[in-house]
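Colleague: Attaching a single structure in structure tokens format; questions to follow.
In my numbering, the protein residues as written are 5 to 59.
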């Protein structure tokens, strides 16, 4: 989740592994015309959480 990514970033990590979460999103949304947007929104939320934690 974005909150978990932020917590990891605050702990000094250089990154987080989110591949399995993205695979799950793809699996849950396969065949949907919104698949790319759904995955993009998820990754954007993670990025925003990490950037907020670094400020």
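Quick reminder that beta carbons are idealized off the backbone N, C-alpha and C, glycines included.
Since the model is a prediction, treat every value here as computed from it, not as a measurement.
Over the uninterrupted alpha helix (DSSP H) stretch that includes residue 24, give me the two end residues.
Modeller: Per DSSP, residue 24 belongs to the alpha helix (DSSP H) from 23-33.
Colleague: Buried or exposed: which applies to residue 17, given that a residue is buried once 16 or more other Cβ atoms fall within 10 Å of its Cβ?
Modeller: So residue 17 counts as exposed.
Colleague: Taking the C-alpha atoms as reference points, what is the distance between residue 57 and residue 23?
Modeller: So the two alpha carbons sit approximately 21 angstroms from each other.
Colleague: For residue 47, does the three-state DSSP call read helix, strand or coil?
Modeller: In this structure, residue 47 counts as helix in the three-state DSSP scheme.
Colleague: Whole-angstrom Cβ separation of residue 25 and residue 53, contact assumed at under 8 angstroms?
Modeller: Contact flag wrong, Cβ pair sits at about 13 angstroms.
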